[in-house]
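Student:
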Amino acid sequence: MSEPQSSSRPSADRRPFPWSEPGILVGVDGSAAALTALRYAVDIAPKLGHPVHALVVWDYPTLEWSDGVGWYYPGTYASLEGAAEEIASDAASSVFPSDTPDWFSSSTMNGRAARELVDASKDAAMLVVGTRGHGELTGLLLGSVSAACAAHAHCPVLIVRND
Numbered sequence: 001m002s003e004p005q006s007s008s009r010p011s012a013d014r015r016p017f018p019w020s021e022p023g024i025l026v027g028v029d030g031s032a033a034a035l036t037a038l039r040y041a042v043d044i045a046p047k048l049g050h051p052v053h054a055l056v057v058w059d060y061p062t063l064e065w066s067d068g069v070g071w072y073y074p075g076t077y078a079s080l081e082g083a084a085e086e087i088a089s090d091a092a093s094s095v096f097p098s099d100t101p102d103w104f105s106s107s108t109m110n111g112r113a114a115r116e117l118v119d120a121s122k123d124a125a126m127l128v129v130g131t132r133g134h135g136e137l138t139g140l141l142l143g144s145v146s147a148a149c150a151a152h153a154h155c156p157v158l159i160v161r162n163d
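So the sequence shown is residues 1 to 163, counted in UniProt numbering.
As structure tokens, this is what we get:
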């Protein structure tokens, strides 16, 4: 199976997508909800005639609180970038177990998920994201990333629940 394309944050003059025409952008974070969103996007893409690009956005927090013990550094930039690339590869392998089609690609990008997905949506025909339901009442609410994408994206947004 050919590996999906992966790259770190593109320069300001380069889009994160390898295709020239608008396609379906999918936010992937390793969750079951994101994988459901990717599967849905891959299902509708041929019907709409669009390529699919899975984008894993990761952030490097400078400090984190650990069980009330104190501050620590959560790892290296390279380890977090490597984990994001593994998420992209695992998602592609899960959706395409035998062979990745040429109309599918993936990449990683450093930044805040909502901001980067909204910015990347400028070059997309559709943005697809998952949302995690948390029971009957709170499951009706959107997560912060999916809500921000729905409110600010530059293209239509499809929010897929993991039910």
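Each residue gets a CB set at the ideal place from its N, CA and C atoms; glycine is no exception.
All values reported here derive from a predicted model rather than from experimental measurement.
Who are the near neighbours of asparagine 162 in its chain, counting only those whose CB is closer than 7 Å to its CB and skipping five residues on each side?
Tutor: In the sequence shown, the residue the question calls residue 162 occupies position 162. So the qualifying residues of the chain are Ala32, Ala33, Thr36, Gly130, Arg132, Gly133.
Student: Roughly how many whole angstroms lie between the Cα atoms of isoleucine 44 and isoleucine 24?
Tutor: Here residue 44 corresponds to residue number 44 of the sequence shown, with the count starting at 1. Here residue 24 corresponds to residue number 24 of the sequence shown, with the count starting at 1. Approximately 9 Å, taken between the alpha carbons.
Student: Rounded to whole angstroms, what is the Cα-Cα separation between leucine 117 and glycine 49?
Tutor: Here residue 117 is taken as the residue at index 117 of the sequence shown, counted from 1. Here residue 49 is taken as the residue at index 49 of the sequence shown, counted from 1. So the alpha carbons of these two residues sit roughly 21 Å apart.
Student: Quick one: complete beta strand (DSSP E) runs, 3+ long, within the UniProt domain "UspA" (24 to 161)?
Tutor: Taking only runs of at least 3 residues, the beta strand (DSSP E) segments lying wholly in the UniProt domain "UspA" (24 to 161) are 52 to 58, 64 to 66, 70 to 72, 104 to 110, 124 to 131, 157 to 161.
Student: Within 10 angstroms of the Cβ of alanine 120, are there 16 or more other Cβ atoms? Answer buried if so, exposed if not.
Tutor: Residue numbering aside, residue 120 sits at position 120 when the sequence shown is read from its first letter. Its Cβ being crowded by 16 or more others within 10 Å, alanine 120 is buried.
Student: Skipping 5 residues on each side, what residues in its chain have a beta carbon closer than 7 Å to that of leucine 38?
Tutor: As a first step, residue 38 is located in the sequence shown; it is residue number 38 there, counting from the start. So the qualifying residues of the chain are Val26, Val28, Ala54, Ala91, Val95.
Student: What number of angstroms, rounded off, separates the C-alpha of isoleucine 88 from the C-alpha of serine 105?
Tutor: As a working note, residue 88 is residue 88 in the sequence shown. As a working note, residue 105 is residue 105 in the sequence shown. In the sequence under discussion, the amino acid at residue 88 is alanine, which differs from the isoleucine named in the question. Each residue's alpha carbon lies about 9 Å from the other.
Student: Could you round the C-beta distance between threonine 108 and alanine 84 to whole angstroms and report it? I think they count as a contact, below 8 Å.
Tutor: The sequence position of residue 108 within the sequence shown is 108, counting from 1. The sequence position of residue 84 within the sequence shown is 84, counting from 1. Right, their Cβ atoms sit about 4 Å apart.
Student: I'd like to check one pair, valine 157 with glycine 113: are the Cβ atoms closer than 8 Å?
Tutor: Numbered from 1 along the sequence shown, position 113 holds the residue referred to as residue 113. Numbered from 1 along the sequence shown, position 157 holds the residue referred to as residue 157. The question names glycine, but residue 113 is alanine in the sequence shown. Contact flag unset, no.
Student: Please say whether alanine 150 and proline 22 have beta carbons closer to each other than 8 Å?
Tutor: Here residue 22 is taken as the residue at index 22 of the sequence shown, counted from 1. Here residue 150 is taken as the residue at index 150 of the sequence shown, counted from 1. Taking 8 Å as the Cβ cut-off, proline 22 and alanine 150 do not qualify as a contacting pair.
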